[in-house]
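Colleague: So the mapping is simple: my numbering equals the position in the sequence shown, first residue as 1, plus 799.
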Amino acid sequence: MTDLLNHMLFALVDFRHLIEGQFATRALWEWILFFMPVFIFGEFPRYIFPAVFLLGAKVADRLPHDDREKKTFFATAPSVSVLLVGYNEEASVAIAIRSLLELDYPNLEIIVIDDNSEDRMYEEARPFADRGQVKLYRNSAATGRSGRPTASNMALYLSSGDYIVSVDADTSFDRDMLFHMIGPFYDPKVGAVAGNIKVRNLGTSVWTRLQAVEYALSITIWKQWLGLLGMGMQVSGAFGAFRREALLSFGAWDPELAEDADLTLKIKKVGWKIVFAPAAIAMTNAPETWRVLRGQRFRWDKGGFRTYFRKHADILKFWQYDWRNAFEISMEFFFTVFLTFVYALYLVLMLWFYPRLLIFVWCLAYLIYVGVTLFCFAISLVFSERRSQEVKLIPTVFLFPGYKALFRWVRFGALILEFFRINYQEGYLPESAWRNTKKW
């Protein structure tokens, strides 16, 4: 035992001498090069600046105030159709329907589509249809399920509302959701409204808690920031509202891995505005295990690259479309593609040339990352209507740097496969859907 302790002490002293030597011999610019590719250059401006700006705007009471216009428009009771499309959602569909019925809106139509489920989703929704509370349809085709995009189109054409709200079957809603989702359509230029999604199953696993922290940063902070700039680029398929006229102008959903991003970009390209409604809250069940979460993010990363940088790469033509679209797509490429490969290259070079120094760099980067995340998460709590619940996530923030690093590698793998079109036809869409969509 004494020998082991002596060896450990010797290793620590040796490591200390290494770090002291590095500080004594390396110039400041070299240290900047160590950190800039993986942290400062990428993460600092993306979260710190928007968070500080939003906090300052809230304190100075400079955030948009259009409740009067929303109330005036909402009081006219425009017709709204909620499209609830699901596959194998036996456990959650009744909860979602009850949540929608509690909205107590006089001009509401609820369309439920069971996309050839293998469980009892249809039977769970049937009592609501028997009471005339929802319109229930089932895809019972021999070819099997049609996929979320195709089923959503079917629901759209079966609906009658002037405004369409698309939701997941495992989602529940705050009772003022419709006001915040439909109210912004008082502006005739608004084609879509993105809602604020939060994690419902917080207590299930560490993975759901990490996703809750991630949603606070990427939705509450980042989407609100983009919304203020008029640069919102994605209305989530789990919770989004659309002007019917906008959807029908280009045929609504295409069978894609990232059909929500694809739909949003089509709306942007024909000239509609997209706004974010931070007070429109939907609570969703996040993936509870590493395996399911990894599969979800792998699909998102592949589908995102295919949608943004292949199918809709022409949105970079700033002289043809709004220059803000081109700017945000460029930023998306920088953060999600360029920095992903810079990070991988950086680690390879550091492991090859400075393997011992990398330990110190990792430790220091971890401390900085935790500090920045705590700061931004604290600001997100200022905007939260569930502050007492979400403040309990603060200990999870200390795991967040590892979570982000892990999913950088998931993204790296997804991008490599997408570059070379390996496993192009993901199982998210059935074969029938792939046969009817263009390959990008």
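Using N, Cα and C, we set each Cβ at its ideal position, and we do this for glycine too.
Could you tell me which whole beta strand (DSSP E) segments of length 3 or greater appear in the region 935–995?
Modeller: Whole beta strand (DSSP E) segments, 3+ residues: 962–967, 970–972.
Colleague: According to DSSP, is E889 helix, strand or coil?
Modeller: Within the sequence shown, the letter at position 90 stands for residue 889. Of the three classes helix, strand and coil, the one that applies to E889 here is coil, per DSSP.
Colleague: Are there 16 or more other CB atoms within 10 angstroms of the CB of A1213, so buried, or fewer, so exposed?
Modeller: On the sequence shown, position 414 is the one that residue 1213 refers to. Buried, since its Cβ has 16 or more Cβ neighbours within 10 Å.
Colleague: I'd like the list of long-range same chain contacts for A1057, defined as Cβ closer than 6 Å, with 5 residues on each side in sequence excluded.
Modeller: For the purposes of this step, residue 1057 is taken as the residue at position 258 of the sequence shown. Within the same chain, A1057 has close Cβ partners G1102, G1103, T1106.
Colleague: Does the contact criterion of 3 or more C-beta pairs under 8 Å hold for the region 1081–1093 versus the region 996–1012?
Modeller: Enough Cβ pairs lie closer than 8 Å, so yes.
Colleague: Taking DSSP's pairing of strands, which residues face S1284 in a bridge?
Modeller: Residue 1284 cannot be examined here, being either before or after the span of the chain that is shown, 800 to 1239.
Colleague: Could you give the residue range of the beta strand (DSSP E) that holds D913?
Modeller: Translated into positions along the sequence shown, residue 913 becomes position 114. Start and end: 907–913.
Colleague: From the DSSP secondary-structure annotation, give me the bridge partner or partners of A1076.
Modeller: In the sequence shown, residue 1076 corresponds to position 277, counting from 1. Paired residues: G994.
Colleague: By Cβ distance below 7 Å, which residues in the same chain neighbour N1235 in space, the five residues on each side in sequence not counted?
Modeller: Numbered from 1 along the sequence shown, position 436 holds the residue referred to as residue 1235. So the list reads P1054, once near-sequence residues are dropped.
Colleague: Just to confirm my understanding: we take F1211, look at its own chain, exclude 5 residues before and 5 after, and list those with CB closer than 6 Å. What are they?
Modeller: The residue labelled residue 1211 in the question sits at position 412 within the sequence shown. Here the set comprises T1139, A1143.
Colleague: Can you tell which of V1209, S891, K1110 has its C-alpha closest to the C-alpha of R1090?
Modeller: Translated into positions along the sequence shown, residue 1090 becomes position 291. It is V1209.
Colleague: Are the CB atoms of A890 and V911 nearer to each other than 7 Å?
Modeller: Your numbering for residue 890 matches position 91 in the sequence shown. Your numbering for residue 911 matches position 112 in the sequence shown. Not a contact, by the Cβ cut-off of 7 Å.
Colleague: In angstroms with no decimal places, state the Cα-to-Cα distance between K1243 and V1169.
Modeller: One cannot answer for residue 1243 here, as it falls past the ends of the chain, which runs 800 to 1239.
Colleague: Spatial neighbours of A1230 within its chain, please: C-beta separation below 8 Å, excluding the five flanking residues on both sides.
Modeller: The residue given as residue 1230 occupies position 431 in the sequence shown. The amino acid occupying residue 1230 in the given sequence is Glu; Ala does not appear at that position. Counting only Cβ-Cβ distances below 8 Å, and skipping sequence neighbours, we find Q1224.
Colleague: Buried or exposed, going by whether 16 or more other CB atoms sit within 10 Å of the CB of E1127?
Modeller: The residue you call residue 1127 lines up with position 328 of the sequence shown. That one is buried.
Colleague: Does DSSP put A1040 in a helix, in a strand, or in coil?
Modeller: In the sequence shown, residue 1040 corresponds to position 241, counting from 1. A1040: strand per DSSP, three-state reduction.
Colleague: Measuring alpha carbon to alpha carbon, tell me which of F978, L883, Q932 ends up nearest R947.
Modeller: Indexing the sequence shown from 1 puts residue 947 at position 148. Answer by Cα proximity: L883.
Colleague: According to DSSP, M1082 sits in a beta bridge with which residue or residues?
Modeller: Here the question's residue 1082 lines up with position 283 in the sequence shown. BP columns for M1082 point to S971, K997.
Colleague: What is the DSSP secondary structure of L1056, reduced to helix, strand or coil?
Modeller: Residue numbering aside, residue 1056 sits at position 257 when the sequence shown is read from its first letter. Here L1056 sits in coil by DSSP.
Colleague: Looking only at its chain, what residues have a beta carbon closer than 7 Å to the beta carbon of R1008, apart from the 5 residues adjacent to it on each side?
Modeller: Translated into positions along the sequence shown, residue 1008 becomes position 209. Closer than 7 Å at the Cβ level, and outside the excluded window around R1008, lie L1001, L1192, T1195.
Colleague: Expressed to the nearest angstrom, what Euclidean distance is found between the alpha-carbon atoms of L808 and A1037?
Modeller: Mapped onto the sequence shown, residue 808 falls at position 9. Mapped onto the sequence shown, residue 1037 falls at position 238. Roughly 53 Å separates the two Cα atoms.
Colleague: Have a look at T949 and R1098 and give me their C-alpha separation to the nearest angstrom.
Modeller: For the purposes of this step, residue 949 is taken as residue 150 along the sequence shown, with counting starting at 1. For the purposes of this step, residue 1098 is taken as residue 299 along the sequence shown, with counting starting at 1. C-alpha separation (whole angstroms): 18 Å.
Colleague: With DSSP as the reference, please indicate the residues paired to L883 in a beta bridge.
Modeller: In the sequence shown, the residue the question calls residue 883 occupies position 84. Per DSSP, V911, V966.
Colleague: Consult DSSP for Q1010 and reduce its assignment to one of helix, strand or coil.
Modeller: Taking the sequence shown and counting its residues from 1, one reaches residue 1010 at position 211. Here Q1010 sits in helix by DSSP.
Colleague: Ignoring anything shorter than 4 residues, give me the alpha helix (DSSP H) runs that lie fully in the region 1096–1132, in order along the chain.
Modeller: 1122–1132, all fully within the region 1096–1132.
Colleague: Whole angstroms is fine: what's the gap from W1161's alpha carbon to L853's?
Modeller: Residue 1161 sits at position 362 when you count from the first residue of the sequence shown. Residue 853 sits at position 54 when you count from the first residue of the sequence shown. Going by the C-alpha atoms only, they are around 30 Å apart.
Colleague: With 16 as the cutoff for other CB atoms within 10 Å, does Y956 come out buried or exposed?
Modeller: As a first step, residue 956 is located in the sequence shown; it is residue number 157 there, counting from the start. Label assigned to Y956: exposed.
Colleague: May I ask whether a heavy atom of the ligand FMN can be found less than 6 Å away from the beta carbon of C1162?
Modeller: For the structure depicted, the ligand FMN is absent and the ligand set is empty, with no information on it obtainable.
Colleague: Taking F1075 as the reference, which of A991, D1059, Q1119, L1180 has the closest Cα?
Modeller: As a first step, residue 1075 must be located in the sequence shown, where it is residue number 276. Of the listed residues, the one whose Cα sits closest to F1075 is A991.
Colleague: Under DSSP, the alpha helix (DSSP H) around D929 begins and ends at which residues?
Modeller: Position 130 of the sequence shown holds residue 929. Taken as a continuous stretch (DSSP letters only), the alpha helix (DSSP H) holding D929 covers 920–929.
Colleague: Near F972, which residues of its chain fall below 6 Å by C-beta distance, leaving aside the five closest residues on each side in sequence?
Modeller: As a working mapping, residue 972 is identified with position 173 in the sequence shown. Excluding positions up to five away in sequence, the list reads S898, A1081.
Colleague: Y985 to R919, Cα distance in whole Å?
Modeller: Within the sequence shown, residue 985 is the residue found at index 186, counting from 1. Within the sequence shown, residue 919 is the residue found at index 120, counting from 1. Rounded to the nearest angstrom, the two C-alpha atoms are 40 Å apart.
Colleague: Spatial neighbours of V989 within its chain, please: C-beta separation below 8 Å, excluding the five flanking residues on both sides.
Modeller: Within the sequence shown, residue 989 is the residue found at index 190, counting from 1. P983, R1042, W1071, K1072, I1073, V1074.
Colleague: Over what stretch of residues does the alpha helix (DSSP H) that includes L1138 continue unbroken?
Modeller: Stepping through the sequence shown from its first residue, residue 1138 is reached at position 339. Segment 1138–1152, the alpha helix (DSSP H) holding L1138.
Colleague: For L1247, does the count of other Cβ atoms within 10 angstroms reach 16, so buried, or fall short, so exposed?
Modeller: Absent from the structure is residue 1247, since the part of the chain shown begins at 800 and ends at 1239.
Colleague: Just to confirm the assignment, what range does the alpha helix (DSSP H) spanning V858 have?
Modeller: In the sequence shown, the residue the question calls residue 858 occupies position 59. From DSSP, the alpha helix (DSSP H) with V858 extends over 848–858.
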